[in-house]
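These notes are about the structure you will find just below.
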Amino acid sequence: MMQEVGERKTFFVDVLLPVPIPQLFTYRVPEEMNEYIATGLRVIVPFGPRRVLTAIIINIHHKAPEKYQAKYILDVLDEEPCVNPTQVKFWEWIASYYMCTTGEVMNIAIPSGLKLTSQSRIQLNPEFDFETTEIEFTPKEERLLEALKRADNMPYDKAAAILEVKNIYNILKFLIAKKAILIFEEVKEKYKPLKIKKVRLQELYVQSEESLEKLFEQLAKKPKQETLLLKYLSLVPIYSHPQANLEGIEKSKLLEQGMSPSSYKTLVKNGAFEEFEIIISRFDEYEPPTDLASFGLSEEQTIVRDKILDDFSEKNTVLLHGVTGSGKTEVYIDLISKNLENGNQVLFLLPEIALTAQIVGRLSKVFGKKMGVYHSRFSDNERVEVWKGVQDGTYNFIVGVRSSIFLPFDNLGLIIVDEEHEPSYKQYDPAPRYNARDAAMVLANFHHAKTLLGSATPSVESYYLARKGQYGFAELTQRYGDAVMPEIVLANTRLEQQQRKMKGDFSSVLLGEIERTVSEKFQVILFQNRRGYAPYLTCETCGWIPKCKQCSVSLTYHLYRNQMRCHYCGYSEPPIHSCAVCGSKKIKTVGLGTEKIEDELKLLLPTARIDRMDLDTTRKKNSYQQIISDFEQQNIDILVGTQMVTKGLDFDCVHLVGVFDIDRLIHFPDFRSHERAFQMMTQVSGRAGRRGRQGKVVIQTSSPEQRLLKLVVNGDYQSFFAREIQERKKFLYPPFTRIIEITLKSEDKILCQDAADFFTKNLAKQLGKRRVLGPEAPFIDRIRNQFLRNVMIKLERGTVNLSLAKELIEKEIDELGKHKQYKAVATVIDVDSI
1 MMQEVGERKT
11 FFVDVLLPVP
21 IPQLFTYRVP
31 EEMNEYIATG
41 LRVIVPFGPR
51 RVLTAIIINI
61 HHKAPEKYQA
71 KYILDVLDEE
81 PCVNPTQVKF
91 WEWIASYYMC
101 TTGEVMNIAI
111 PSGLKLTSQS
121 RIQLNPEFDF
131 ETTEIEFTPK
141 EERLLEALKR
151 ADNMPYDKAA
161 AILEVKNIYN
171 ILKFLIAKKA
181 ILIFEEVKEK
191 YKPLKIKKVR
201 LQELYVQSEE
211 SLEKLFEQLA
221 KKPKQETLLL
231 KYLSLVPIYS
241 HPQANLEGIE
251 KSKLLEQGMS
261 PSSYKTLVKN
271 GAFEEFEIII
281 SRFDEYEPPT
291 DLASFGLSEE
301 QTIVRDKILD
311 DFSEKNTVLL
321 HGVTGSGKTE
331 VYIDLISKNL
341 ENGNQVLFLL
351 PEIALTAQIV
361 GRLSKVFGKK
371 MGVYHSRFSD
381 NERVEVWKGV
391 QDGTYNFIVG
401 VRSSIFLPFD
411 NLGLIIVDEE
421 HEPSYKQYDP
431 APRYNARDAA
441 MVLANFHHAK
451 TLLGSATPSV
461 ESYYLARKGQ
471 YGFAELTQRY
481 GDAVMPEIVL
491 ANTRLEQQQR
501 KMKGDFSSVL
511 LGEIERTVSE
521 KFQVILFQNR
531 RGYAPYLTCE
541 TCGWIPKCKQ
551 CSVSLTYHLY
561 RNQMRCHYCG
571 YSEPPIHSCA
581 VCGSKKIKTV
591 GLGTEKIEDE
601 LKLLLPTARI
611 DRMDLDTTRK
621 KNSYQQIISD
631 FEQQNIDILV
641 GTQMVTKGLD
651 FDCVHLVGVF
661 DIDRLIHFPD
671 FRSHERAFQM
681 MTQVSGRAGR
691 RGRQGKVVIQ
701 TSSPEQRLLK
711 LVVNGDYQSF
721 FAREIQERKK
731 FLYPPFTRII
741 EITLKSEDKI
751 LCQDAADFFT
761 KNLAKQLGKR
771 RVLGPEAPFI
781 DRIRNQFLRN
791 VMIKLERGTV
801 NLSLAKELIE
811 KEIDELGKHK
821 QYKAVATVID
831 VDSI
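The opening position of the sequence shown corresponds to residue 1 in my numbering, with each subsequent residue numbered one higher.
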């Protein structure tokens, strides 16, 4: 901590605030706080006329700011630094690379439980004499003052509700002028450690048997108190293990099974029992770690593990390409164990929360309490607990989704990015729009650590860099144990429709395989990458389709919610029963979503146990775990799901996987559509036939002759890659270029187009016309009442100065804002857009 020596000096601190402003802010340190400040500590500071924010101290000095008078910091929140210098350095890199501010990075990096909430509150002015004043008050002012006398203080919104007004600020302004009220900021820290109440026998009765006997004599005529004391002694062996009394017992445990709470209170009041609180972890106690020998590697896994370690001696990053079910997790476990034995921290990144439920169960059997879990479905308090656990060494191994790269590591040895190809590693909103896979490699370099990328279907970029020698490369080509790759069958839906064999949305091939699999007591996974009952409703007479009022997209029909819903802005309305254009009652559903598949199946297979896993069924905190647990325990025969069911899940009894609507995914207008379709089909196929018996995959398509489908059937990633990389090179797409996408937004469509034209023209002069494409309307060109226009910038890798290009882009964005007519047009920058 900063100490004064000799003459007293005035200290100032430069702090980082969670605001989108590209600078540090300087505050003055009150004299009484001089010895408590240090870099990395959280402090409370005033910001603007009414806000109070949490800031991080970056620098400490004696120089007052020249352009403004520094305000005082209000309080210091930590005794030890909350963030370390490597974290701040990493935040600055994220901000620089992804073209945002360090404050925006801080805002998402620190869990909200470590940030303070500030709310303006109103109280009576204690110096104002209401009895003698001659000032007149309006009826509303008097009503508010009377309410404050009863409530002591209240927030703005409550005061507005009492007075039944929308805008209370004028009333408050006059009351402040009359010196009748004061406004103050109530600051609360959100994080609260979880505490439990415990109880123990007073030490007097443990040290002396005579004292305990006397206590029993006093309770002889008080049977309920005597029973409670006897129960405590039966649960806590105070004589054979004296330490046990010091640790005591949970109050709730002592009072279960009909014990008298009033008798308990009397025993505490009379000094027989002593109550105390302890802080406990919010996380379930894991089973003791299993002997690592039970996770022994096969011969092929051992060879691959050794190849990874050899590559790590020369390269910072290694790509592990392992077919689905090849046992990549066992290799991960071996490498994690070696790093933990060497005293290093390890980060294991997963793309989806859904995956953590199953993988955590497996990893906890090996690593026990050394392992922490970090993802967005945890409460504020749970995330803070993991954050603090990393700082104090409780957790040396973290399993988490993309936000876990921001945890306060100080000694990382290894980062594993599982399913590295997944687009879920990319954050879209808000800024920073970072890719956790790419950022993880930079974080590893800051710690002089290594990164292992793993996938059955690597991204084209990662595979290219591995083939080029920039990354190390290891490969698992066989499934683990006696498992074999599944048989993949293409069901021709166009032919079956002509032959009238389709039953609803099910081909006879798929439905027959489902019936056979369920009858043999095995399980089925059905994949459809659309939630809801149907993509949209339409009028059979005139073709009208109900659309979102705020976005240029049709409303998705949800049967179980009985509503039409926009999946972009959340707008919803009841389903239509007649056409708004022609009045026809002939309304039909078009297409299918997971709800509709589930609904049709219940009619086709009424005895089968069917469940669904998509965003609608997994909104609650533990929904993923519950569905996966039920499926693992074979309480579900058929699981219908979106892409959640395609990634990394391992179920022993799944022998059939069905894929719907793959043609839409293949033909989606995006340069990555074939890559994503290949990855999706291969990944979901990998869920079938994990143990012993060969599984089967049925892909429904109207064009079974497509070359991409044949590559999937043959499991031929190399041929897919060879074809894809030629296309990318020919049309200048990643990995040969970096793509930066600029989105312009405005509620005025014409203004948005004009601004986009102006911006594109000026930027093309700076970067060259062939590098600046657009502007054009995106596939969905209006979201939340904002019209959108996209500008795509392609920058060749290795030949373009990326930093200079970004400076030119930012310069043109600033130039756009200087023109009065374009000031209201917002810009969003997405570096390495996917």
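Just so it is clear, CB atoms sit at the ideal spot from N, CA and C, and this is done for glycine as well.
| said: Output needed for GLN405: all residues of its chain with C-beta closer than 6 Å, excluding positions within five of it in sequence on either side, in chain order. | reply: With the sequence shown as reference, residue 405 is identified as Ile, and Gln is not the correct amino acid for it. Taken in chain order, the residues that qualify are ALA436, ALA439, ALA440, LEU443.
| field | Short Cβ contact (8 Å threshold) for LEU347 with PHE409 | value | yes
| request: Assign PHE130 to buried or exposed, taking buried as 16 or more other Cβ atoms, counted over all protein chains shown, within 10 Å of its Cβ. | output: exposed
| said: According to DSSP, ALA826 sits in a beta bridge with which residue or residues? | reply: LYS745
| How far does the alpha helix (DSSP H) with THR102 in it reach, from first residue to last? | 102–109
| query | By Cβ distance below 7 Å, which residues in the same chain neighbour PRO261 in space, the five residues on each side in sequence not counted? | reply | LEU255
| field | alpha helix (DSSP H) segment containing GLN391, residue limits | value | 380–392
| query | How long is the line joining the alpha carbons of GLN218 and ARG383, rounded to whole angstroms? | reply | 49 Å
| request: Answer yes if the segment 525–540 comes into contact with the segment 587–597, meaning at least three C-beta pairs across the two stretches below 8 Å, and no otherwise. | output: yes
| field | Check whether GLU724 and HIS674 have beta carbons under 8 Å apart | value | yes
| field | Alpha carbon of LYS818 to alpha carbon of ILE809, nearest angstrom | value | 15 Å
| query | With a Cβ-Cβ cutoff of 8 Å, do PHE12 and ALA64 count as a contact? | reply | yes
| query | Expressed to the nearest angstrom, what Euclidean distance is found between the alpha-carbon atoms of LEU53 and ILE44? | reply | 6 Å
| Residue range of the unbroken beta strand (DSSP E) whose run includes ASP418 | 412–418
| message | Let me check one thing: in DSSP terms, what residues is TYR557 bridge-paired to? | response | ALA534, MET564
| message | Quick check: what's the CA-CA separation for SER715 versus GLU807? | response | Note that residue 715 is Gly in the sequence shown, not Ser. Distance between the alpha carbons of GLY715 and GLU807 is about 44 Å.
| field | Beta-bridge pairing of ASN59 - partner residues as DSSP gives them | value | ASP14
| field | TYR733 versus ARG672, ILE750, THR682, SER746, residue with shortest Cα-Cα distance | value | ARG672
| Straight-line CA distance for MET259 to ILE249? | 15 Å
| request: Measure from the alpha carbon of GLN634 to the alpha carbon of each residue in LYS521, GLU573, LEU559, then state which is nearest. | output: LYS521
| request: Take the Cβ of ALA272 as the centre, count every other Cβ of all protein chains shown within 10 Å, and call the residue buried at 16 or more, exposed below. | output: buried
| Through-space distance from VAL88 to LYS765, alpha-carbon basis | 36 Å
| request: Mind listing, in chain order, the continuous alpha helix (DSSP H) runs of no fewer than 4 residues lying wholly within the segment 729–784? | output: 749–767
| task | Would you check if there are 3 or more beta carbon pairs closer than 8 Å linking the segment 152–161 to the segment 206–213? | result | no
| Roughly how many angstroms lie between the CA atoms of ALA293 and LYS370, to the nearest whole one? | Residue confidence is low: ALA293 scores 44 on pLDDT, short of 50, so the model does not pin down where it sits. Its coordinate-derived value is still stated next. Whole-angstrom Cα-Cα distance: 18 Å.
| said: Going by DSSP in three states, PHE312 sits in which element: helix, strand or coil? | reply: helix
| Going by other Cβ atoms of all chains shown within 10 Å of its Cβ, with 16 needed for buried, is GLY469 buried or exposed? | exposed
| task | Take THR617 as the anchor and find which of GLU598, LEU604, PRO606 has the nearest alpha-carbon. | result | GLU598
| query | Bridge partners of VAL489, per DSSP? | reply | VAL698
| Minimum C-alpha distance to LEU665 - residue among MET680, PHE651, VAL657, CYS653 | MET680
| Does DSSP classify PRO289 as helix, strand or coil? | Legend: pLDDT at PRO289 = 48, less than 50; position of this residue unreliable, value from coordinates given subsequently. PRO289 falls in the coil class under three-state DSSP.
| When the Cα of LYS547 is compared with those of ILE183, ASP505, TYR568, SER507, which residue comes out closest? | TYR568
| message | Tell me which residues share the same chain as ALA805 and place their Cβ nearer than 7 Å to its Cβ, disregarding the 5 neighbours each side in the sequence. | response | LEU767, LEU795
| To the nearest angstrom, how far is it from the Cα of ILE662 to the Cα of ILE780? | 21 Å
| request: Starting from the Cα of TYR463, find the closest Cα among TYR717, ALA147, ILE94 and give me that residue. | output: TYR717
| According to the Cβ coordinates, are CYS542 and VAL590 closer than 8 Å? | no
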